[in-house]
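What follows is a single structure, written as structure tokens, with notes after it.
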Amino acid sequence: MTTPSDLTGIAVADATSEPWPATATVDGGRLRVEGAAGDGARHTAAAALLPGLINMHDHLRSFLPTGRASEGASLATAITASSATQAVAGPAEYRALTALSAARQVRAGVTTVVDHVYPLHRDGLLEAVVAGHRAVGLRGYLALGIMTRGAERLCTSVEDVVALAERAADVLLPREQLYLAPVSMRSNAPDDYAVAARAAERLGVRLYTHIAETQAEVDACRAEHGVRPVELLHHAGFLRPGTVLVHGVRLSDAEIELIAASGAVVAYCPTNHLRFAKGFAPVVDLLDAGATVTLGVDGMESPFHEMRQAIYAQGQAAGDPGALTSSRAFDMATGAGARALGLPAGFDAGDLVRLDLTAPAVQPLADPVWSVVHRAAPAHVTDVVVAGRHILRDGALTVADDVALAEEASSVVRDLAARIGSTVPQFWGIPSRMAPPQ
Ligand SMILES: [Zn+2]
């Protein structure tokens with residue numbers, strides 16, 4: 001039984017240390033995790049205490065189409081289809097959709113997300129996204145998306161987004177939590193990367209982009225610029241310590257070396273890669289070269305799912321089920337993410353996730369790291385602490401209401417659909433809390 005401030009469990013602080021019986025105390029904005037003894041130690045087998053899970057890539061207010069009608073759409077088709085909705089979306093829609101996704105993240109054990117926000121074609125969008133994170137208490141880093149070509153109504157100049165970053169730095173969020181983020185080769189000219197790199201240096205913020213995501217992107221980059229995508233970033237001065245490269249599916253050996261030597265970080269999103277049939281990122285080669293590889297949920301289910309998908313996808317690609325170990329996958333979702341963001345390791349950021357280990361899915365428990373990676377799911381998360389604040393307690397959000405968030409997001413989706421001349425079927429609505437179950 002947990003009390004409001006004390007959580008007992010087997011502490012799994014990282015992938016390599018021996019798990020130990022612990023009591024976590026959340027008190028006055030502080031988290032303390034100490035060894036449990038006596039009666040406390042006897043109860044620890046009922047739960048696991050993990051460091052916060054870190055989602056290095058997502059777009060919480062996603063406008064990508066969902067539903068059976070969108071199944072089988074290519075990445076390019078899905079992105080094009082979302083443009084009409086993005087063009088009419090404003091701050092209210094960004095906030096409501098972000099808040100609902102933020103609640104889903106917290107319930108999946110995520111304490112920190114890097115939210116890649118674009119398009120930034122209207123005033124107030126960044127503030128709306130931050131309000132969405134804060135609605136549930138999630139720690140949000142912002143990657144400020146820059147689009148200068150493609151869907152014209154969604155484009156801004158690099159300078160506009162740099163000015164936005166300048167206004168946001170240490171006002172909206174500490175500058176350490178901001179990235180300048182050209183969206184992709186589809187949406188940016190080569191010069192954008194160089195301009196963003198110089199501005200990031202001046203502002204003391206970091207860099208972020210989707211790169212080497214598909215073979216089509218690599219082919220287009222070579223045809224247009226005579227180099228591969230990561231080589232182009234290297235020439236633009238974009239590869240540096242802390243730069244986040246999302247996807248990195250199609251990398252040459254030389255590009256893997258460039259990434260490792262630069263101190264840039266890869267955000268690997270295995271389930272998204274499988275969904276869009278992008279291929280298998282060379283994660284084991286990146287790790288062996290000394291690069292930092294982290295995990296991104298990217299619109300899919302949860303970091304638990306990503307950890308095991310990473311193992312299965314890498315095993316499939318190598319023809320070797322042991323190509324990526326549970327320890328490495330666990331580190332990608334925890335320690336590597338913390339290192340990439342500059343957060344303290346283990347429980348030192350004041351973050352903690354409690355998992356119910358009495359669930360049959362995670363029993364019998366032989367190896368907590370293996371069970372967390374291969375068996376755990378959002379349904380097993382009972383408590384989440386972010387920066388010493390208990391934001392999920394005994395299965396309930398403490399600062400928001402799931403039903404209210406879902407009702408608001410549902411209403412936003414219907415309204416957006418109506419504004420672009422589309423409809424959402426009636427059965428998409430969630431039942432009101434006032435209505436009896438049917
Ligand atoms: Zn993305």
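Everything in the sequence shown is counted per the UniProt record's numbering, starting at 1 for the first residue and increasing by one. Where a beta carbon is used, it is the ideal one built from N, C-alpha and C, also for glycine. On a predicted model such as this, the values are computed, not experimentally measured, just so you know.
In the structure shown, the three-state DSSP call for P229 is helix. With a minimum length of 4 residues, the unbroken runs of alpha helix (DSSP H) contained wholly in the stretch 347-397 fall at 368-375.
Taken through DSSP and simplified to helix, strand or coil, R240 comes out as coil.
Counting only residues of its own chain and dropping the five nearest sequence neighbours on each side, A264 has a CB closer than 6 Å to the CB of L239, T243 and L245. Counting the other Cβ atoms within 10 Å of the Cβ of E34 gives fewer than 16, which makes it exposed.
With distances taken between CA atoms, I54 lies nearest to V297 out of V373, R32, H225 and V297. Around ligand 1, the residues selected by a Cβ distance under 6 Å to any of its heavy atoms are H57, H59, H116, H210, V246 and D298, following chain order. The residues G299, in chain order, have a CB closer than 6 Å to that of S62 in the same chain once the five nearest residues on each side in sequence are set aside. Excluding five sequence positions before and after G337, the CB atoms of its chain that fall closer than 6 Å to its own CB belong to I54, M56 and T294, given in chain order. Taken atom to atom, the span from the alpha-carbon of P360 to that of Y208 is near 40 Å.
In this structure, DSSP gives H116 an extended state, which the three-state scheme calls strand. Inclusion of T112 and R139 in the CB contact set at 8 Å is warranted, their separation being smaller than that value.
For the 8 Å CB-CB criterion, F347 and A108 do not form a contact. Ranked by how close their Cα comes to the Cα of A277, the residues A216, A323, P241 and M307 have A216 in first place. Boundaries of the alpha helix (DSSP H) harbouring P190: P190 to L203, taken from the DSSP string.
The stretch 64-74 makes no contact with the stretch 372-384, as fewer than three CB pairs between them are under 8 Å. Residue ranges of uninterrupted beta strand (DSSP E) with 3 or more members, entirely inside the stretch 22-75 and ordered along the chain, are 30-35, 47-50 and 53-58.
In this structure, the beta-carbon distance from A41 to P21 falls below 8 Å. Between S326 and M332, the alpha-carbon positions lie close to 10 Å from each other.
The alpha-carbon of I311 is positioned some 22 Å away from that of V353. Residue nearest to T214 within the set V230, L232, V249 and S184 is V249 (criterion: CA-CA distance).
The alpha-carbon separation between A387 and N272 amounts to approximately 29 Å. Judged by beta-carbon spacing, E176 lies within the 8 Å limit of G342, meaning their Cβ atoms are closer than that value. Less than 8 Å separates the beta-carbon of A200 from that of L180. Looking at the DSSP output, G9 sits in a beta bridge with A22. The Cβ neighbour count for I146, taken over all protein chains shown within 10 Å, is at least 16; the residue is labelled buried. Taking the Cα positions, E152 is about 13 Å away from S82. Among the bridge pairs identified by DSSP, L173 is matched with A169.
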